[in-house]
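*Asks:* All residue numbers for the sequence shown refer to my numbering, where the first residue is 128 and numbers rise by one.
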Amino acid sequence: MVVGLGFEPRKAFASRFTVCPVWPLRYPTAQKTFVNIAKTQLRVKGTIHFFDPRAKWRIDMSGKPCKSLRMNVALETLAGMLDKELSIDSFKDVSNNGLQIANNGTVTRVLAGVDASMRLLEEAAQRGADCVVCHHGLSWGDSLKRITGLNHRLVSFAIKNNIAVYAAHLPLDAQPVYGNNAQICKLLGLSKLESAFEYHGQKIGFKASFGKPMTLSSFCGLVRKRINSEIKLLDFGKPTIKTIGVVSGGAADMIDQASALGTDVYLTGEPSLQGYNLAEHLAINVVFAGHYATEKFGPRALSGLIKRRCKIQSEFVDFDIGY
Ligand SMILES: [Fe+2]
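#1: Thinking just about the alpha-carbon of each residue, which of Arg236, Thr235, Arg246, Thr204 is nearest to the one in Leu226?
#2: What's the call for Thr395, buried or exposed, on a 16-neighbour Cβ count within 10 Å?
#3: Could you check the C-alpha separation between Asn412 and Leu299 for me, to the nearest Å?
#4: Within the present structure, is the beta-carbon of Arg279 separated from the nearest heavy atom of ligand 1 by less than 8 Å?
#5: Looking at Ser375 and ligand 1, is the gap between the Cβ and the nearest heavy atom below 8 Å?
#6: Quick test of your reading: Leu320 and Ala301, contact by CB under 8 Å. State the CB separation rounded to the nearest angstrom.
#7: Could you tell me how far apart the beta carbons of Phe346 and Glu407 are, in whole angstroms, since I believe they sit closer than 8 Å?
#8: Is the separation between the beta-carbon of Gly232 and that of Val260 shorter than 9 Å?
#9: Between the C-alpha atoms of Thr342 and Thr390, what's the straight-line distance to the nearest angstrom?
#10: Could you name each continuous alpha helix (DSSP H) segment of 4 residues or more that falls completely within the stretch 333 to 369, going from the start of the chain to the end?
#11: Does Val234 pass the burial test, meaning 16 or more other C-beta atoms within 10 Å, or should it be called exposed?
#12: Please state whether the Cβ-Cβ distance between Phe333 and Gly316 is less than 9 Å.
#13: Can the beta-carbon of Glu397 be found less than 9 Å from the beta-carbon of Ala385?
#14: Quick one: does the C-beta of His263 sit closer than 8 Å to a heavy atom of ligand 1?
#15: Do the stretch 441 to 450 and the stretch 413 to 423 meet, that is, are 3 or more Cβ pairs less than 8 Å apart?
#16: In whole angstroms, what is the alpha-carbon distance linking Phe415 and Met198?
#17: Who are the Cβ neighbours of Asn355 in its own chain at under 7 Å, not counting the five residues just before and after it?
#18: Compute every distance between the C-beta of His296 and the non-hydrogen atoms of ligand 2, then say whether any falls below 8 Å.
#19: When DSSP builds the beta bridges, which residues end up paired with Ala165?
#20: From what residue to what residue does the alpha helix (DSSP H) around Ala243 run?
#21: What are the residues that DSSP puts in a beta bridge with Ile371?
#22: Any idea what DSSP makes of Thr160, helix, strand or coil?
#23: Could you give the residue range of the alpha helix (DSSP H) that holds Ser283?
#24: Note the first and the last residue of the continuous beta strand (DSSP E) segment covering Phe324.
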């Protein structure tokens with residue numbers, strides 16, 4: 128929790144002590160009183176950082192600049208860094224990837240999540256985040272052609288609360304370090320990653336392998352432990368596996384590619400009847416580990432990247448949606 132003492136203390140209290148500029152940095156007594164009130168009367172838990180809108184770095188309770196955390200970063204700088212890391216412009220995608228909604232131009236805190244839902248936006252507002260970074264954004268094709276109904280609710284909430292929305296869909300599936308699929312391969316201990324699984328002419332997943340063969344049931348145990356305890360297994364292939372195809376999310380229609388690549392098991396997110404029939408006909412093992420569960424690792428990795436590169440507060444929120 129970040130606490131600030133504002134020019135107007137009442138405003139500071141009302142905003143749940145998240146993003147109020149500190150004025151009396153030069154007055155240690157005022158700081159101590161404020162901390163006292165925050166901790167005893169308002170039961171604020173955790174580290175309390177003070178910040179001054181004029182300063183470059185946040186100030187910790189000892190009054191020293193905390194050089195691991197900047198005050199803020201320009202939205203343009205943050206979006207530019209992500210665009211470059213994710214090669215945003217090189218993907219043809221129905222998602223309008225990149226910055227979808229701007230804020231006032233400055234980012235002090237980022238909240239990363241899977242979906243740009245009202246839940247994520249509300250969580251961002253509650254935590255004092257002024258930018259959300261997600262995998263499933265708000266703008267798909269011409270989905271924002273009319274800002275009415277649900278579009279209006281989501282867009283107006285973001286703008287009213289000064290929350291920027293940045294989305295990376297296919298670029299975040301394909302990215303070889305921070306991407307959903309690369310992160311899944313890392314979590315499972317896979318090696319020899321090769322970009323594979325074509326979608327509209329671009330490769331979005333990986334073919335990878337384990338150092339040693341393992342039984343299909345050991346593989347399922349590993350997926351349950353590292354990705355999602357709830358999985359669906361189609362065991363139409365060999366009982367011992369070594370090579371894996373990985374495509375996060377809703378990619379059951381790529382089972383034929385997994386088979387053509389000669390993988391022993393295909394790991395994806397969302398199950399489908401079409402996928403069941405494909406797996407049975409092609410005699411291949413398929414593990415469905417959930418659309419949400421397989422697509423949270425990319426946003427989580429991006430949150431860490433933002434923190435390291437931009438040195439601002441950045442966190443990932445897991446709503447643990449079992450779908
Ligand atoms: Fe998805």
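Even for Gly, the Cβ is constructed at its ideal location relative to N, Cα and C.
Only a predicted model underlies this, so the values are computations on that prediction, with no experimental measurement involved.
*Replies:* On the basis of the data shown:
#1: Thr204
#2: buried
#3: 25 Å
#4: Rather than Arg, the amino acid found at residue 279 in this sequence is His. Result no, Cβ not under 8 Å from ligand 1.
#5: yes
#6: The Cβ separation is near 12 Å, so there is no contact.
#7: Not a contact, Cβ separation roughly 19 Å.
#8: no
#9: 14 Å
#10: 343 to 353
#11: buried
#12: no
#13: no
#14: yes
#15: yes
#16: 42 Å
#17: Ala416, Gly417, Ala420
#18: Only ligand 1 can be found as ligands here, which leaves ligand 2 out of the picture.
#19: Ala165 is not bridged to any residue.
#20: Premise fails: Ala243 is in no alpha helix (DSSP H) and is neither H nor E.
#21: Ala335, Val392
#22: helix
#23: 276 to 287
#24: 318 to 326
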